[in-house]
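Counted the way the working numbering counts, the sequence shown spans residues 37 to 237.
Cβ coordinates follow ideal geometry from the N, Cα and C atoms, glycine included.
Remember, it's a predicted structure, so these values are computed and weren't measured experimentally.
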Amino acid sequence: VTAAKAKGLKTVTEYGEAAFYGPKLDFMVKDALGRSWQLGTIQVDYNLPERFDLWYNGSDNEKHRPVMIHRAPFGSMERFIAILIENTAGDFPLWLSPEQFTILPISEKYSDYAKKVSESLEIHDICGLIDDRNEKTGKKIRDAELKKLPFMLIVGENEENNGTISVRRRGEGDLGEMTVDAFISYFKEQAKPAFELGANQ
């Protein structure tokens, strides 16, 4: 409790809720309906050192039973992912998005160039797919927006000849034409997690 207060965290004391371990902190997160769910936990564990017969030699050269710090940063991984999806409505930060771009060739004859661009991005761990469906570019863009894909990279004759891509970002629209290397640099800057940037992302 003292440690939580030192960090400015609001606490509620629940006597008898620490199972068989000992004192613990549960981190509660609210869902979209305002219900609280336990995610992370950290606790003083007297039980496992005894079960595993752990001991150490103290300064008195006698055996002593240690006390274990027992933690589960995310709690149940399934519950954590469910809360994350619900609170973001699937609109993940760029660094966390499972599909970060889609390449939209304006016709089938630019599929090879689309693959070349995709391979260049994958080298830098930028993940995405090529939408090579026989659909109009406008429909592909709308579909990508509905899927909440961060970037749409459009390639056609002009882009292939210039070695470039036309970039659209969901929520911002057309970012113009740029080289693949320029996009990679831009992406890496934008994809820095909020804790690395020191600001909300």
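- By alpha-carbon distance to A39, the top candidate from V65, Q79, Y51, I119 is Q79.
- Sixteen is the threshold: since fewer than 16 other Cβ atoms of the shown chains lie within 10 Å of the Cβ of Q74, the residue is exposed.
- The segment 121-169 contains, as complete alpha helix (DSSP H) runs of 4+ residues, the segments 147-159 (chain order).
- In the structure shown, R87 falls within a helical segment according to DSSP collapsed to helix, strand and coil.
- Taking 3 residues as the minimum length, the beta strand (DSSP E) runs contained wholly in the segment 166-201 are 187-191, in order along the chain.
- V191 places its beta carbon 9 Å or farther from that of I177.
- Annotated three-state conformation of V103 is coil, per DSSP.
- For E225, the uninterrupted alpha helix (DSSP H) segment begins and ends at 216-226.
- Contact between A150 and I139 holds, since their C-beta atoms are separated by about 5 Å, short of 8 Å.
- For K66, the uninterrupted beta strand (DSSP E) run begins and ends at 60-66, by DSSP.
- Approximately 11 Å separates the beta-carbon atoms of K60 and T49; this is outside 8 Å, ruling out the contact.
- Counting the other Cβ atoms within 10 Å of the Cβ of V103 gives fewer than 16, which makes it exposed.
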